[in-house]
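The structure appears below as structure tokens.
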């Protein structure tokens, strides 16, 4: 029987008394990921097995992108009987060449042979039947694993998965999602650590179009393939931008806009029971992301702001975006109109006190309140 | 909703939708099959052919294609292939649709020569220069009937007469996608050898069009297969699409001369805009352009104004819809000598017989309101 998949969890094993909490979350996410494929998910003695798989490749593809899964192995299951085990072992190894070793594990101590004896016996049988193979116990090319539990399980292949922690086991955070390349990657990285995502997006109709908004919805949907359902808050931002443009110094427009975005995100995040904000900022990438700029935008938030890309180069971020599949959507050319609000010579060394002075020129509180009242909520399902 | 983007596409007539549904439900046979029901499907094709032929002055052969773009490709590449290996000379204008300009670029890559003739400030091609460019080896002159961005009408009859005086063997192709049924065309009388048209610009379905050919015009096919459409366009005929196109032609023709009404709409909108918005001006010739296309530059960013109108339920376009997802400035307006800044503020309104004068008033009001609002936010 070769329709069984063994799923290994990574860091969850480091957890103490609440280990089951993490494992149960992981099982739930795996079940969700393989929904509709007809296979069953089984948790036995700290191992996750998927059985009755019809399309192994499809199931591997789905499971290896669930956060919290460290690696998977297609497994042959047979009776706890040395003849059966050796027969399956030979069957598995005969198409391979090079060096191998056997690594037996006897969880069922009633089994008559101990681990070393299993290794010897299986190794002998394999060597006899497959003359092209040699044993190397230190650096083998293939490791034939034999586990004796309620059944015997054999596997050679070990396919790496995304790793991380099951989504939802580490609280909830609000991602500031633009249409760019960076913010989806930032969201992915934090979600990978088990954090459930909410998104907030600022929409300046008619300066940015419906297509620009749809693009962000598409990006959120791509993220949700990893991070599960995402609630997206779309904030009408036109009025605030117009006020800033008309009343505040031009060179500060971007940084002031960023501060209001952070303020609104901070408020909405509290309301949505998020405990942190996530941005795609990286030091020095654009004028508003200089050290001084970051200090000024950071100063208006009272919750932690996670910036997982802070030390990344643009090209590294682009590679990451390609890898998670958001790059092609991110580079669609829709928000050009927003350039109306970008200053020709933005301040690169803003000071918080100066900005606070400029902010007195507009009714920030009223504008933010109206923006928040006008929020459109979009629930995005994977 | 006020729909003023009829040069991008039109809402199909109800009769068209019904004709197509009927065709798919009942006349789903392959016209090439040998039994009687297949002949009924074949008759739908001939009825559409006749309807088009009648609107083009008679005596034409109609080759159905997947639309205007394919018809343009078939005309240019088909004539080039008919040279059987010789390199030829082609003439077109700088303001054609990409379906022509990109095909012409392909002709150049194949080793043919192409002359691109400029236009005046109203987007009308310079006929003297065009005729001067005609050579003994000029195989084809391709000129659009109506420009899709500003509505300029090209002097087809004059071009054809003078070109043929100079070289009787040169064929005349007219891209009539924006002109068919809205501007009169008699291929025989005007000396047009090849004429492209599209279904969805005249309240028919998308995905169907035709290349109409004068009796003696010759092109070679550009795709190979079962030999349908005189061997010029192989592939099982798009029967429901063609039936829909035929119905659209008949329904449109039944409306009579629609130009005066659309011209009244165009004049009304232009007048009210010019009166209420200082700094706005019409691109192209308001009086002599086609009745259904109006291009205006506003003192605001066109794309933003477009979305502001969208917010008020009015749909129009910047440049042409086909070019709208490219971010470069309109090649048509550039050829007319319009500056990049003015192009940035240009919107195209295109009408159909169903538009009303009230819609024009409402549009002008919304334009004035939003331009005033946006004027504060031009880039400093």
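Residue numbers (our numbering), protein chains in the order written: chain A, 1 to 382; chain B, 1001 to 1380. Note that beta-carbon positions come from the ideal geometry of N, C-alpha and C, so glycine has one too.
Per-residue contacts from residue i into chain A (C-beta, under 9 Å)
i, result
"residue 1094 (chain B)", "Near residue 1094 (chain B) there are no residues of chain A at all, since even the closest Cβ is about 25 Å away, more than 9 Å."
"residue 1310 (chain B)", "205, 206, 209, 210"
Residue i: contacting residues in chain B (beta-carbon distance under 8 Å)
i, result
"residue 21 (chain A)", "Here the premise fails: no neighbours, minimum Cβ distance about 48 Å."
Unbroken alpha helix (DSSP H) run spanning residue i, endpoints
i, result
"residue 168 (chain A)", "Premise fails: residue 168 (chain A) is in no alpha helix (DSSP H) and is neither H nor E."
"residue 1249 (chain B)", "1239–1254"
"residue 369 (chain A)", "364–373"
"residue 295 (chain A)", "291–298"
"residue 1040 (chain B)", "1036–1055"
"residue 1073 (chain B)", "1068–1081"
"residue 4 (chain A)", "No alpha helix (DSSP H) holds residue 4 (chain A); the beta strand (DSSP E) holding it covers 4–9."
"residue 319 (chain A)", "314–324"
"residue 115 (chain A)", "115–129"
"residue 1335 (chain B)", "1331–1335"
"residue 1261 (chain B)", "1259–1276"
"residue 22 (chain A)", "19–33"
Contact list for residue i against chain B, beta-carbon separation under 7 Å
i, result
"residue 209 (chain A)", "1307"
"residue 242 (chain A)", "1377"
"residue 245 (chain A)", "1377"
Enclosing beta strand (DSSP E) for residue i [first to last residue]
i, result
"residue 1028 (chain B)", "Unbroken run through residue 1028 (chain B): none, as it is neither H nor E."
"residue 1213 (chain B)", "1209–1214"
"residue 442 (chain A)", "For chain A, the structure presents residues 1 to 382; residue 442 (chain A) sits outside this window and is missing."
"residue 201 (chain A)", "196–203"
"residue 51 (chain A)", "47–51"
"residue 1060 (chain B)", "1060–1065"
"residue 190 (chain A)", "Premise fails: residue 190 (chain A) lies in the alpha helix (DSSP H), 182–192, not in any beta strand (DSSP E)."
Per DSSP, cross-strand counterpart(s) of residue i
i, result
"residue 104 (chain A)", "A:146"
"residue 383 (chain A)", "Since the first residue shown for chain A is 1 and the last is 382, residue 383 (chain A) is missing from the structure and cannot be characterised."
"residue 1381 (chain B)", "Outside the displayed range of chain B (1001 to 1380) lies residue 1381 (chain B), so it cannot be described from this structure."
"residue 1295 (chain B)", "B:1283, B:1348"
"residue 160 (chain A)", "A:71"
"residue 99 (chain A)", "A:134"
"residue 358 (chain A)", "Bridge partners of residue 358 (chain A): none, in fact."
"residue 1003 (chain B)", "B:1315"
"residue 40 (chain A)", "A:51"
"residue 380 (chain A)", "A:230"
"residue 306 (chain A)", "A:278"
"residue 176 (chain A)", "A:200"
"residue 1171 (chain B)", "B:1140"
Contact test: residue i Cβ vs the ligand GDP heavy atom, cutoff 7 Å
i, result
"residue 33 (chain A)", "Because no ligand of any kind appears in the structure shown, any question about the ligand GDP cannot be addressed here."
Cβ of residue i within 8 Å of any chain D Cβ
i, result
"residue 1116 (chain B)", "In the structure shown, chain D does not exist; the protein chains are A and B."
Worksheet item: Does the stretch 1305–1312 of chain B come within contact of the stretch 1139–1150 of chain B, defined as at least 3 CB pairs closer than 8 Å?
Response: no
Practice prompt. Identify every run of the beta strand (DSSP E) within the stretch 1090–1153 of chain B, keeping only runs that are complete inside it and at least 3 residues long; order them along the chain.
Written response: 1113–1117, 1138–1144
Worksheet item: Looking at C-beta atoms only, is the number of pairs between the stretch 1054–1067 of chain B and the stretch 1209–1216 of chain B that lie closer than 8 Å three or more?
Response: yes
Item to complete: Taking 8 Å as the threshold, find out whether the stretch 133–146 of chain A comes into contact with the stretch 162–174 of chain A through three or more Cβ pairs.
Response: no
Worksheet item: At which residue ranges does the stretch 228–288 of chain A contain complete alpha helix (DSSP H) runs of 4 or more residues, listed in the order of the chain?
Response: 238–247, 253–271
Worksheet item: So, do the stretch 1269–1286 of chain B and the stretch 1091–1111 of chain B have three or more beta carbon pairs nearer to each other than 8 Å?
Response: no
Worksheet item: Would you say the stretch 1020–1029 of chain B touches the stretch 1238–1254 of chain B, given that touching needs at least three Cβ pairs under 8 Å?
Response: yes
Item to complete: Mind the definition here: the stretch 214–226 of chain A touches the stretch 1349–1359 of chain B only if three or more C-beta pairs lie below 8 Å; say whether that holds.
Response: no
Discussion item. Does the contact criterion of 3 or more C-beta pairs under 8 Å hold for the stretch 185–200 of chain A versus the stretch 39–57 of chain A?
Written reply: no
Fill in: the stretch 1214–1223 of chain B in contact with the stretch 1006–1016 of chain B per 3-pair CB rule at 8 Å
no
Discussion item. Quick check: the stretch 1050–1060 of chain B against the stretch 1249–1259 of chain B, are at least 3 beta-carbon pairs closer than 8 Å?
Written reply: yes
Worksheet entry | Cβ contact (3+ pairs, closer than 8 Å) linking the stretch 1162–1173 of chain B and the stretch 1118–1135 of chain B | yes
Worksheet item: Does the count of Cβ pairs from the stretch 4–20 of chain A and the stretch 49–65 of chain A closer than 8 Å reach three?
Response: yes
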